[in-house]
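The block underneath contains the structure these notes are about, expressed in structure tokens.
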Amino acid sequence: SADSKGAPIGSDQLASLKKYVADANKRIDATLAITQNVSCIAADAVAGMVCENTGLTQPGGNCYPTRRMAACLRDGEIILRYVSYALLAGDPSVLDDRCINGLKETYFALGVPSSDAIRAIEIMKIATVAIITETNTGRKMFDGLNSGSGAQCKDIAAE
168 SADSKGAPIG SDQLASLKKY VADANKRIDA TLAITQNVSC IAADAVAGMV CENTGLTQPG
228 GNCYPTRRMA ACLRDGEIIL RYVSYALLAG DPSVLDDRCI NGLKETYFAL GVPSSDAIRA
288 IEIMKIATVA IITETNTGRK MFDGLNSGSG AQCKDIAAE
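Residue numbers (the working numbering): 168 to 326.
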């Protein structure tokens, strides 16, 4: 690099640096959009999961009583926090290493059906990508949300 050689920065190196900064700004915008909407995304995912499986809120269901529902919401927010970390770092391995594997073990030990947890995560992914890319479908709870980056963040959303 020019720094280690004590040489001036060349045009190729400057272009590379500009790309790095632009990508970092996109990641920051996308992460900000997620963190500003984390409660809304998690609540929508849990509501969607419960709507698809109403037995979850019945006595004996994994979202009954309300403390279990609150735990689902908390877990959704934790997952989104890890998504934000991974997105900002540009390294999705943190999701597998720290988040998904730990949740899988915990839910298995608690007897929580993995299919319901997976569905909630899928809903969070859909909502998160829609917010990052500004392609939300007009849901009332997402009206007016804007990351400010829309089309620019489509490549990041693909991660």
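The beta carbon of each residue, even a glycine, is placed where N, CA and C say it ideally should be.
{"query": "Identify, in the order they occur along the chain, each residue of the same chain with its Cβ nearer than 7 angstroms to the Cβ of residue 225, setting aside the five sequence neighbours on each side.", "result": "231"}
{"query": "If contact is defined by three or more beta carbon pairs under 8 angstroms, each pair taking one atom from either stretch, is the segment 169-181 in contact with the segment 195-213?", "result": "no"}
{"query": "Below 8 angstroms on the Cβ atoms is my contact criterion, and I expect residue 229 with residue 279 to pass it. Report the Cβ-Cβ distance as a whole number of Å.", "result": "5 angstroms"}
{"query": "With distances taken Cα to Cα, identify the nearest neighbour of residue 237 among 260, 213, 254, 301.", "result": "213"}
{"query": "Measure the alpha-carbon distance for residue 174 versus residue 185 and round it to whole angstroms.", "result": "18 angstroms"}
{"query": "Which residues in the same chain as residue 261 place their Cβ atom closer than 8 angstroms to its Cβ, once the five residues preceding and following it in sequence are excluded?", "result": "249, 252, 253"}
{"query": "Around the C-beta of residue 222, are 16 or more other C-beta atoms found within 10 angstroms, so that it is buried, or is it exposed?", "result": "exposed"}
{"query": "Span of the alpha helix (DSSP H) holding residue 272?", "result": "268-277"}
{"query": "So residue 176 is in the alpha helix (DSSP H); what residue range does that whole segment cover?", "result": "Taken as a continuous stretch (DSSP letters only), residue 176 belongs to no alpha helix (DSSP H), as it is neither H nor E."}
{"query": "With 16 other CB atoms within 10 Å as the buried threshold, where does residue 187 fall?", "result": "exposed"}
{"query": "Roughly how many angstroms separate the alpha carbons of residue 263 and residue 247, rounded to a whole number?", "result": "13 angstroms"}
{"query": "List, from N- to C-terminal side, the alpha helix (DSSP H) runs of 4 residues or more that fit wholly inside the segment 185-261.", "result": "205-219, 233-256"}
{"query": "Does the separation of the CB atoms of residue 290 and residue 215 fall below 8 angstroms?", "result": "yes"}
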